[in-house]
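**Q** One structure, pasted below without further comment.
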Amino acid sequence: MNARTDHCDHKRIDVFLASDPDDLRDAPLVAHLDVCSGCRDYMELSAADSQSWSEAAACLLASEFDRSSSIEYSAASLDFGKPDVPTSIQNVLDSLAPSDDPHRLGRLGGYEISGVIGVGGMGVVLKAVDTALDRVVAIKVMAPHLASHATARKRFAREAKAAAAVLHPNVIPIHSVSSEDATPYLVMGYIRGGSLQKRLDREGTLATVEILRIGSQIAAGLSAAHEQGLVHRDIKPENILLEDGVERVTLTDFGLARAVDDASLTQHGTIAGTPQYMSPEQARGEAVDQASDLFSLGSVLYTLCTGRVPFRAESSHSVMRKIIDESPTPIRELNPEIPNWLVGIIDRLMAKDKKDRFPSAKELHTLLDACLSHVQQPTAVDLPESLRSAQPTKHRTLFLATIGGLLMTAVFTLLLWLTGALTFLVQDGPAQQQSNERAAPQQEKVVEPIDEGDSKSEPLTWPVLLGRDIPQEHLDRLPKEPLVLIDGLNKSRGSWLFGGNMKTDDKDSGFDAIMEVKGGFKTHFEEVGRPGPGWTFSIQWPREKPEYTWTIFLLPMMEKYEVQWRGVAQISRVGEEASLLDGHYFDGHWYFASRTLTLTPVAVPGAEPGTSTKPAEKANAESQFQITVKPNGELEINGFEPAETKSLSGKSAARIGEPYVEPDLNRLTLPNGYKVFFASRLQVMLVDSKGRGVAGARLEKIGCHKDIIYGFITQREGIDEPEDTLGYFWMNSATGEITKGMELGPWSKTLRAMGVDDPLMLNPEQVGSKF
Amino acid sequence: MTDFPQTRSSLIAQVRSPEDREAWDKFVVMYRPVIYRMARRRGMQDADAQDLVQTVLMRVAGAIQSWEKSGPETRFRHWLRRVARNAIATAFSRQPKDAGVGGSEMLEWLGEQSATAADIERELSQESMREKYLRAASVVKLDVDSDTWRAFELTVVNGQPCDEVADLLGKSMGTVYAARSRIMRRLREQVQRLQESGP
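First to last, the protein sequences are chains A and B.
The numbering of the first sequence is my numbering, which starts it at 1267 and goes up by one.
The numbering of the second sequence is my numbering, which starts it at 51 and goes up by one.
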């Protein structure tokens, strides 16, 4: 055999390519490849097309999260069957000695393993019974693949040593360590309960007294660790355990802890710690000391106060950038109930310069403890001297100022929309586009002008609304959302937009009704019997050719210490003078506990003697309807029945307190003049040039390309939960005609036959205007 | 210790056909890391990302019943993929609960929302592809000498010039070219296999 073959033999290359990659017995060909670029090119293309080559390169390039991906070790996935049993857990369990007790998973040293508690970066935490002492323990077993790794063993041993050195009720107790075995393990106390993170997930923000109780205990545990010369370096809610039934907080996971003087542990580009709770010095990759833990503790307390981490961003890197450069959103903007002095403490903990933080965890513990006593017994125990200056003289004034400042920034509007099967945001079509200016004065007329000076500086309060003083403790119990709602309206401009699905004689006419909702807050009503402030809105319906005007008044009333809303609704024909003395009337009460106002047809209220009061004989009892305001500001109107033969129902959502920006409609005008409107974050509507809805889709997947609109078609009939199917609508760009659209599911086969692997991933470009 | 305590979700246990069960298992194995990585890329912490993975999978699992009722016109794994994609898109396009419809962001939102949805779809497709390649690589890697693999990795993935890599590994240029093409071919085969059998 020649050492080199000079002729190019493609067949030979094909054979070679298919053989074992390590097999180099065809040395002449290999030698030929040294020099012949033509054959190399042939071989490469024969192996895979050029797209696959670049795909492979891109796909196999390690990403930031591959390394940190603990998903394959996830204990949480055990519910999903065998293929998911995390290999790391399985490996640990496989390494156990068999147990005599069939109910146990195995045995490790003198411990009978009864379950898996969780998985950490270094290994698996098992639940076990110490047979000698008959107590339940937690055993952290080092992952076998790490156990062969000297550095990892060292780190594991260090964790054990660090944690064992700290004896404190708020630090997880270490019972014993075995670092000599094939699989090193650490025996710790078993805490029945969950992590602080779990509680945050469950409850959101915590009450001040709870924040102080937890903060004080972490500070105590931290103080004990710091006294041993340790820095925990990974203080975060996941590492703080709350024991069930006992008010004890335990600091755990010293996996990253290290002695301050441990010189061998300088950074080498690895990031230790959870980015969200890192200190600025940690984020910068600098050496850290105890003050770093104080910053992290501050971030934890911030999270407990606000329900969210102080620094949020798309990537770990951006989070760290923010920790270094930015201040978090002030706590009281997110939760005005947190007292100023606590905000002061957290601000100090989160000082960028560590010199500005508390001198020690011990000092912090003493302070938080004193605060806790004060909060638990406000009359018997004063707030610590050092914090008293931070206490506002008028707690409420400050509170109002904060909210006022927030509200001042913007002009508000309310968008109402329906999220039925068809959802849309009503806007003027192109023909009406130019008339927007003309429409504006009309809108302003409807929105009741309010005293801007007042409303800008101060939000609406219950005492203002009800015209009387309310003791603070009752005030605290009153719900905020109706106030926010009204206040939002108070400052609103323009009209609300409300889409509806209309039924005629009980038959669904498909997409149909468009209504315009206008209204606002009035400081003074005379019309409805009790003079005073209140909220009104009116709806003209249908929009194109209004037939009816609905006017709804909402008046707050204080009964003892419970707020009720009296609602009065009126329906009148458009063009007829709207007066409370004719038309249909509804009356009802709104108890804040239910937040639903049920309006029932009644006789005309507040009719003056002598005036012929028209009884609501036309209105039947079934025309009762409900308005519900949800805690998140959503507004739902059910059972709306403006006439015997037509009905309107659906779920609407009101978004209050957000600055209103006129949507840029031109950006979404299709070639035929159709417009795509976003009806909510999740819903999109296609409206023709007359403002008539044509099609709707969920927003997760919507787009348009020339004469194709693609999106999810929502299937609601006959199933409990709406199901989305990806599909396309075709549109004739000349006539504007929309063909009904196509669900991709049944067409998958056809597409596949056309060589399209993955119909769901099609770009419209790939589909073309027709198959 | 062959029987690790498994509590198959009762919902999953309702998937009667063994073929569909297998499809479900494959689906979970494939999609879990995909969803996890997408979550991490959005700044979620490990635990949050894992929770999100569970939420999505539970959602999909919860929908299985409705599929079984709907009858066998659609193949299970295609149905599964569609539902999963919806669930993932929903999970990632859902904004944090404290954010309303951003007023001042309305414009941005109008302009970007469709792009975002398309981005998620694209990202999901990319991540699924990545997962297939990663799996394929882990299989192929085990079958070949470490130098053969390195020749592929360094030149294709890290983009180093072939002559440099040949020097580094002490191999001839022809050997490096041979290695990377043959591995590429095997990778393609594996990826294709995963595409055909996978979810």
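Note that beta-carbon positions come from the ideal geometry of N, C-alpha and C, so glycine has one too.
What you are looking at is a predicted structure, and each value in this text was computed from that prediction instead of being measured.
Is there at least one Cβ from chain A nearer than 8 Å to B/A73's Cβ?
**A** Numbered from its first residue, the second sequence carries residue 73 of chain B at position 23. Not closer than 8 Å to any Cβ of chain A, the Cβ of B/A73 fails to qualify, so no.
**Q** Determine whether the beta carbon atoms of A/L1374 and A/V1407 lie at a separation below 8 Å.
**A** As a working mapping, residue 1374 of chain A is identified with position 108 in the first sequence. As a working mapping, residue 1407 of chain A is identified with position 141 in the first sequence. A/L1374 is a Cβ neighbour of A/V1407, given a cutoff of 8 Å.
**Q** Going along chain B, which residues have a C-beta under 8 Å from A/H1273?
**A** Within the first sequence, the letter at position 7 stands for residue 1273 of chain A. None at all; the shortest Cβ gap to chain B is about 15 Å.
**Q** Between which two residues does the beta strand (DSSP E) holding A/A1297 run?
**A** What you label residue 1297 of chain A is simply residue 31 of the first sequence in a count that begins at 1. Segment A1293 to V1301 is the alpha helix (DSSP H) holding A/A1297; no beta strand (DSSP E) there.
**Q** Any chance the stretch 1629-1638 of chain A sits against the stretch 1476-1492 of chain A, with 3 or more Cβ pairs inside 8 Å?
**A** yes
**Q** Identify every run of the beta strand (DSSP E) within the stretch 1555-1641 of chain A, keeping only runs that are complete inside it and at least 3 residues long; order them along the chain.
**A** Secondary structure remark: continuous beta strand (DSSP E) runs of at least 3 residues inside the stretch 1555-1641 of chain A: none found.
**Q** How would you write the range of the alpha helix (DSSP H) that B/T198 sits in, first residue to last?
**A** Locating residue 198 of chain B in the second sequence gives position 148, where the first residue counts as 1. Counting along the chain, the alpha helix (DSSP H) containing B/T198 begins and ends at S196 to F202.
**Q** Anyone know if the C-beta pair for A/L1560 and A/F1624 falls short of 8 Å?
**A** Mapped onto the first sequence, residue 1560 of chain A falls at position 294. Mapped onto the first sequence, residue 1624 of chain A falls at position 358. Yes. Within cutoff.
**Q** Three-state secondary structure (DSSP) at A/S1444?
**A** For this step, residue 1444 of chain A is matched to residue 178 along the first sequence. Strand, per DSSP.
**Q** Let me know the secondary structure DSSP gives B/K221 once reduced to three states.
**A** As a working mapping, residue 221 of chain B is identified with position 171 in the second sequence. Three-state DSSP puts B/K221 in coil, outside helix and strand.
**Q** Quick one: is A/V1512 buried, meaning 16 or more other Cβ sit within 10 Å of its Cβ, or exposed?
**A** By one-based count along the first sequence, residue 1512 of chain A stands at place 246. With fewer than 16 other Cβ atoms within 10 Å, it is exposed.
**Q** For A/N1372, does the count of other Cβ atoms within 10 angstroms reach 16, so buried, or fall short, so exposed?
**A** In the first sequence, residue 1372 of chain A corresponds to position 106, counting from 1. Per the sequence presented here, residue 1372 of chain A reads as Gly, with Asn not at that position. Residue environment analysis places A/G1372 among the buried positions, since at least 16 neighbouring C-beta atoms fall within 10 angstroms of its C-beta.
**Q** Measure the alpha-carbon distance for B/Y81 versus B/R135 and round it to whole angstroms.
**A** Within the second sequence, residue 81 of chain B is the residue found at index 31, counting from 1. Within the second sequence, residue 135 of chain B is the residue found at index 85, counting from 1. Cα to Cα, the separation comes out at about 10 Å.
**Q** Can you grab the Cα-Cα spacing for the pair A/I1457 / B/E177, in whole Å?
**A** One-based indexing of the first sequence puts residue 1457 of chain A at position 191. One-based indexing of the second sequence puts residue 177 of chain B at position 127. Straight-line Cα distance between these residues: approximately 38 Å.
**Q** Taking Cβ positions only, does B/G220 come closer than 8 Å to chain A?
**A** Here residue 220 of chain B refers to the residue found at position 170 when the second sequence is read from its first residue. Output row for B/G220: interface = no.
**Q** Measuring alpha carbon to alpha carbon, tell me which of A/N1606, A/S1312, A/I1379 and A/S1565 ends up nearest A/V1391.
**A** Working through the first sequence from its first residue, we reach residue 1391 of chain A at position 125. Answer by Cα proximity: A/I1379.
**Q** Counting pairs of Cβ atoms below 8 Å between the stretch 1456-1475 of chain A and the stretch 1497-1517 of chain A, do you hit three or more?
**A** yes
**Q** Pick out the complete alpha helix (DSSP H) segments inside the stretch 1437-1522 of chain A, 4 residues or longer, and give them in chain order.
**A** Under the rule that a run must span 4 or more residues, the alpha helix (DSSP H) segments found entirely inside the stretch 1437-1522 of chain A read 1462-1469 and 1474-1493.
**Q** Considering only the alpha carbon of each residue, which of B/A137, B/K221, B/R185 and B/Y227 lies closest to B/K76?
**A** Residue numbering aside, residue 76 of chain B sits at position 26 when the second sequence is read from its first letter. Among B/A137, B/K221, B/R185 and B/Y227, the Cα nearest to that of B/K76 is on B/R185.
**Q** Per DSSP, A/D1396 is paired with what?
**A** Counting from one through the first sequence, the residue named residue 1396 of chain A turns up at place 130. Per DSSP, A/Y1377 and A/R1401.
**Q** Counting only Cβ-Cβ distances shorter than 8 Å, please list the residues of the stretch 1303-1316 of chain A near chain B, keeping chain order.
**A** R1306, M1309, E1310, S1312, A1313 and A1314
**Q** Secondary structure at A/T1727, three-state DSSP: helix, strand or coil?
**A** Within the first sequence, residue 1727 of chain A is the residue found at index 461, counting from 1. DSSP places A/T1727 in coil when its eight states are reduced to three.
**Q** Are the C-beta of B/D195 and some C-beta of chain A separated by less than 8 Å?
**A** Looking up residue 195 of chain B in the second sequence gives position 145. Output row for B/D195: interface = yes.
**Q** Starting from A/I1279 and walking both ways along the alpha helix (DSSP H), at which residues does that stretch end?
**A** Residue numbering aside, residue 1279 of chain A sits at position 13 when the first sequence is read from its first letter. Looking at the DSSP string, the run of the alpha helix (DSSP H) that includes A/I1279 is H1276 to A1284.
**Q** Return helix, strand or coil for A/S1701, following the three-state DSSP convention.
**A** Here the question's residue 1701 of chain A lines up with position 435 in the first sequence. In this prediction, A/S1701 has a pLDDT of 27, which is less than 50 and means its spatial position is unreliable; what the coordinates show is noted afterwards. Coil.
**Q** Our contact map puts A/T1516 next to A/N1606 with C-beta atoms below 8 Å; I'd like the distance itself, whole angstroms only.
**A** The residue given as residue 1516 of chain A occupies position 250 in the first sequence. The residue given as residue 1606 of chain A occupies position 340 in the first sequence. Actually they do not touch by this definition, with Cβ atoms about 30 Å apart.
**Q** Exposed or buried, which one is A/S1316 when buried takes at least 16 other CB atoms within 10 Å?
**A** Translated into the one-based positions of the first sequence, residue 1316 of chain A becomes position 50. Exposed is the call here.
**Q** Quick check: what's the CA-CA separation for A/G1360 versus B/D193?
**A** The residue labelled residue 1360 of chain A in the question sits at position 94 within the first sequence. The residue labelled residue 193 of chain B in the question sits at position 143 within the second sequence. The question names Gly, yet the displayed sequence has Asp at residue 1360 of chain A. Cα-Cα distance, rounded: 25 Å.
**Q** For my contact list, A/I1501 and A/S1562 are in at a C-beta cut-off of 8 Å; report their separation, rounded to the angstrom.
**A** The residue you call residue 1501 of chain A lines up with position 235 of the first sequence. The residue you call residue 1562 of chain A lines up with position 296 of the first sequence. The pair is a contact, with the Cβ atoms about 4 Å apart (cut-off 8 Å).
**Q** With 8 Å as the threshold, decide whether the Cβ of B/R238 is near any Cβ in chain A.
**A** In the second sequence, counting from the first residue as 1, residue 238 of chain B sits at position 188. Closer than 8 Å: yes.
**Q** For a contact defined as C-beta to C-beta under 9 Å, what are the partners of B/Y81 on chain A?
**A** Looking up residue 81 of chain B in the second sequence gives position 31. Chain A residues near B/Y81: none, gap ~11 Å exceeds 9 Å.
**Q** Considering A/P1546, what are the terminal residues of the alpha helix (DSSP H) in which it resides?
**A** Within the first sequence, numbered from 1, the residue matching residue 1546 of chain A stands at position 280. A/P1546 -> alpha helix (DSSP H) spans P1546 to A1549.
**Q** Along chain B, in chain order, which residues have C-beta atoms closer than 9 Å to that of A/H1298?
**A** For the purposes of this step, residue 1298 of chain A is identified with residue 32 of the first sequence, where counting begins at 1. In chain order: G224.
**Q** Under the three-state reduction of DSSP, which class applies to A/T1817: helix, strand or coil?
**A** Counted from its first residue, the first sequence places residue 1817 of chain A at position 551. Three-state result, A/T1817: strand.
**Q** Inspect the beta-carbon positions of A/Y1377 and A/D1400 and report whether they are closer than 8 Å.
**A** Counted from its first residue, the first sequence places residue 1377 of chain A at position 111. Counted from its first residue, the first sequence places residue 1400 of chain A at position 134. Cβ distance not < 8 Å, so A/Y1377 and A/D1400 don't count as in contact.
**Q** Would you tell me roughly how many angstroms separate the C-alpha atoms of A/H1740 and A/P1729, rounded to the nearest one?
**A** As a first step, residue 1740 of chain A is located in the first sequence; it is residue number 474 there, counting from the start. As a first step, residue 1729 of chain A is located in the first sequence; it is residue number 463 there, counting from the start. Answer to the nearest angstrom: the Cα atoms are 11 Å apart.
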